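Residue numbers (the numbering used here), protein chains in the order written: chain V, 1 to 126; chain Y, 127 to 403; chain F, 404 to 554. A short write-up of the structure that comes next.
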Amino acid sequence: MAHEDISVIRLRDLLLVTVPPDPDDQTISVLQERVLDAMARQDCRGLVLDISTVQILDSFFARTVAETVQMVSLMGGRTVLAGMRASVAITATQLGLTMGKALTALDVDRAFDLLGALPPKGDGYE
Amino acid sequence: MPEQPNSPSNKLLGTSDSFRLLVETVKDYAIVMLDPDGYVASWNVGAERIKGYRQDEIVGKHFSCFYPLDAIERGVPQEELEAAAREGRFEDEGWRVRKDGKQFWASVVITALREKDGTLRGFGKVTRDLTERKRTEERLQQQSREIMELSTPVMQVWRGVVVAPLIGSLDSQRTQQFMERLLNRIVETNSPMALVDIMGVPTIDTQTAQHLVETISAVRLLGAQVVLTGVQPAIAQTLVHLGIDLSDITTRSSLAAGLLVALDMLNLQVVAKDLRS
Amino acid sequence: MNDIPEGELRIESENDIVAARKVVRRTATAMGFGITDVTRIVTAASELSRNVYQYAHFGTMRWRFLNEEAGVGLELVFEDSGPGISDIGEAMRAGFSTSRGLGLGLPGVKRLMDAMTVQSQVGRGTTVKVRKWLRRSYAAAITSGGDPPQG
Chain V
1 MAHEDISVIR LRDLLLVTVP PDPDDQTISV LQERVLDAMA RQDCRGLVLD ISTVQILDSF
61 FARTVAETVQ MVSLMGGRTV LAGMRASVAI TATQLGLTMG KALTALDVDR AFDLLGALPP
121 KGDGYE
Chain Y
127 MPEQPNSPSN KLLGTSDSFR LLVETVKDYA IVMLDPDGYV ASWNVGAERI KGYRQDEIVG
187 KHFSCFYPLD AIERGVPQEE LEAAAREGRF EDEGWRVRKD GKQFWASVVI TALREKDGTL
247 RGFGKVTRDL TERKRTEERL QQQSREIMEL STPVMQVWRG VVVAPLIGSL DSQRTQQFME
307 RLLNRIVETN SPMALVDIMG VPTIDTQTAQ HLVETISAVR LLGAQVVLTG VQPAIAQTLV
367 HLGIDLSDIT TRSSLAAGLL VALDMLNLQV VAKDLRS
Chain F
404 MNDIPEGELR IESENDIVAA RKVVRRTATA MGFGITDVTR IVTAASELSR NVYQYAHFGT
464 MRWRFLNEEA GVGLELVFED SGPGISDIGE AMRAGFSTSR GLGLGLPGVK RLMDAMTVQS
524 QVGRGTTVKV RKWLRRSYAA AITSGGDPPQ G
């Protein structure tokens, strides 16, 4: 249905994934698969999840993101959630959702800055 | 209204003619007698006017029908009768339902009526329709909220830094509105640093403290940070007592100190001009 | 209001969770809820319809426009004939567990809405009812408005 709406782009050693506005459960699961696939095939040290058009962030989405962040971390990468909407941030907080160890940034630009500024994993950082 | 001498209404009101006349003709108050189990025993003109039922259709019915469904589900009518029986009197303001289903805001006093030997004879219930007063109160509250909003703006003071000085008492609704305004402003101005100054807030309750903590968490989800400044000792005490972990919240005693922290986090610093050359 | 003030939706597939979100979004927006409240209500609907699908596999969502002297609001009722909740008290205390993905998320949903009631019988089914009132003052509203009664 909306699988084509997820865009996964590799920019050097970083992945940029753009999430559609109201993804169904299957789209979210496919997103996770494609991220892990891309991480495995290429040497990526970071994932930027662009959620600036996402209108609803429920527990399934949050769980999948938290899992993805953990898997990416195990594969040597970091994840940044970029561009969360104010209404979504408020709702997610009140619902009690956490996104695991994901970093957050106001937009994709800052997300890339964040990943650029961080030293690659494995050198004792964190 | 022809009645048997021993009718419930007679037993509760007594047979003093002038008193009965007073009760029966008062229009602005619903004066209702209930039997010890809460069934309507007598009705007056005011009750018909306020609640909409005629005497012949309501006497003998249980008084819980005047309450909204939610209240009935929670057992509120029974609780109020029990409170009146215990304390002698129960007073409350709340929503009640008319015959046509419309709700009105009521001021209610339920009094337990007892025989000389203490046995419960029934209850007297006086109800006043306060909808109009509540309307006015609401309007005033809304106006004062609007004034509060004007006096607590979220201002961008530098590229990447917004400041929100909170002044006055914070209630749950005001804090939620603030949360929305702050987050929207952060997104609009693309500011990773938000200074929230609560020097002008004397006390906060549990709900508000929770909302404040929620605000800080929500700001983090956006990708920004909050520096909390001006935390008064009383507030610090409340937060600690509520078990709120302040260790991962950046705090400073003054807004000025907070600003320096914010600039520092943005890798900026304030340098004095060299006026010598 | 042009949108249907009440209706019913079957929940028997993942697509129905999305359908539920869509209809709730449309209805809540048409009613005049602000963007954050719309997000809250739609998220609550997503959680509750997912519970129905996940635990009972089949159920219904009914929505109803509330128009009372007390205020204007939206009510959603999620009903199923699934396994039921054995300990509602416990369900209301337990929060989310993102790592294990267990739990109904009821306390969180309650926080998003103004009122929630849960009725459930093991082996018979569950009914969850939630309500959100429009935050409008008496002065501003034509039909009705103001802070709703608790419940």
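Even glycine gets a Cβ: it sits at the ideal position worked out from N, Cα and C. Since we're looking at a predicted model, the values are computed, not measured.
Short of 6 Å from the beta carbon of residue 101 of chain V, and not among the five residues preceding or following it, lie these beta carbons of its own chain, in chain order: 69.
Counting other Cβ atoms within 10 Å of its Cβ, residue 485 of chain F reaches 16 or more and is therefore classed as buried. About 4 Å separates the Cβ atoms of residue 511 of chain F and residue 96 of chain V, confirming a contact at the 8 Å cut-off. By the CB criterion at 8 Å, residue 322 of chain Y and residue 348 of chain Y fall outside the cutoff. The DSSP assignment places complete alpha helix (DSSP H) segments of no fewer than 4 residues inside the stretch 180 to 215 of chain Y at 181 to 184, 195 to 199 and 202 to 213, in order along the chain. Under a criterion of Cβ atoms nearer than 9 Å, no residue of chain F is adjacent to residue 81 of chain V; the nearest Cβ is some 14 Å distant. With fewer than 16 other CB atoms across the displayed protein chains lying within 10 angstroms of its CB, residue 410 of chain F is exposed.
For residue 94 of chain V, the three-state secondary structure derived from DSSP is helix. By the Cβ-count criterion, residue 337 of chain Y is buried, with 16 or more other Cβ atoms from all chains shown falling within 10 Å of its own Cβ. In the assembly as shown, residue 363 of chain Y is an exposed residue. Its beta-carbon has fewer than 16 other beta-carbons within 10 Å. Separation of the CB atoms of residue 16 of chain V and residue 48 of chain V is rounded to 5 Å, and the pair is thereby assigned contact status at 8 Å.
Under the DSSP definition of a beta bridge, residue 402 of chain Y lacks any partner.
Just measuring C-alpha positions, the residue of Y:346, Y:192, Y:221 and Y:315 sitting nearest residue 93 of chain V is Y:346.
Among the residues facing chain Y, residue 478 of chain F is not included, as its CB has no counterpart in that chain under 8 Å away. Look at residue 493 of chain F: its C-beta is not under 8 Å from any C-beta on chain V. When the beta-carbon positions are compared, residue 487 of chain F and residue 534 of chain F stay at least 8 Å from each other. Between the alpha carbons of residue 207 of chain Y and residue 516 of chain F lies a distance of about 30 Å.
Per the C-alpha coordinates, the member of Y:282, Y:262, Y:260 and Y:341 positioned closest to residue 300 of chain Y is Y:341.
Contact annotation: residue 393 of chain Y and residue 107 of chain V have beta-carbon atoms that are not nearer than 8 Å. Annotation: Cβ neighbours of residue 56 of chain V in chain F (cutoff 8 Å, chain order): 424, 442, 445, 446 and 449. Between residue 103 of chain V and chain F, the shortest Cβ-Cβ separation is not below 8 Å. With the criterion set as a beta carbon lying under 9 Å from some beta carbon of chain F, the members of the stretch 225 to 251 of chain Y are 227, 228, 229, 230 and 231, in sequence order. Around the C-beta of residue 424 of chain F, 16 or more other C-beta atoms lie within 10 Å, and the residue is accordingly described as buried. When 8 Å is used as the limit between beta carbons, residue 298 of chain Y is near no residue of chain V, the shortest such separation being about 12 Å. By the neighbour-count criterion, in which a residue is buried when 16 or more other Cβ atoms sit within 10 angstroms of its Cβ, residue 470 of chain F is exposed. When C-alpha distances from residue 65 of chain V are compared across V:54, V:7, V:105 and V:81, the shortest belongs to V:81.
Restricting attention to beta strand (DSSP E) runs no shorter than 3 residues, the stretch 253 to 295 of chain Y encloses them at 281 to 284 and 287 to 293, ordered along the chain.
Shown here, residue 431 of chain F sits in a helix according to DSSP, grouped into three states.
At a Cβ-Cβ threshold of 8 Å, residue 391 of chain Y and residue 351 of chain Y count as neighbours. If the five residues before and after residue 465 of chain F are omitted, its C-beta is found closer than 6 Å to the C-beta atoms of 411 and 480, all from its own chain and listed in chain order.
Residue-level contact check: residue 439 of chain F touches chain Y, since one or more beta carbons of chain Y fall below 8 Å from its beta carbon.
The stretch 414 to 422 of chain F and the stretch 450 to 462 of chain F touch, with no fewer than 3 CB-CB distances between them shorter than 8 Å. Taking 7 Å as the cut-off between beta carbons, the residues of the stretch 329 to 353 of chain Y near chain V are 340, 343, 344, 346, 347, 348, 349 and 350, in sequence order. Taking 8 Å as the upper bound on Cβ-Cβ separation, chain V lies near residues 305, 306, 309, 310 and 312 of the stretch 298 to 312 of chain Y. Chain V places no beta carbon closer than 8 Å to that of residue 528 of chain F, leaving this residue out of the contacts. With respect to residue 360 of chain Y, residue 329 of chain Y sits close: the two C-beta atoms are nearer than 8 Å.
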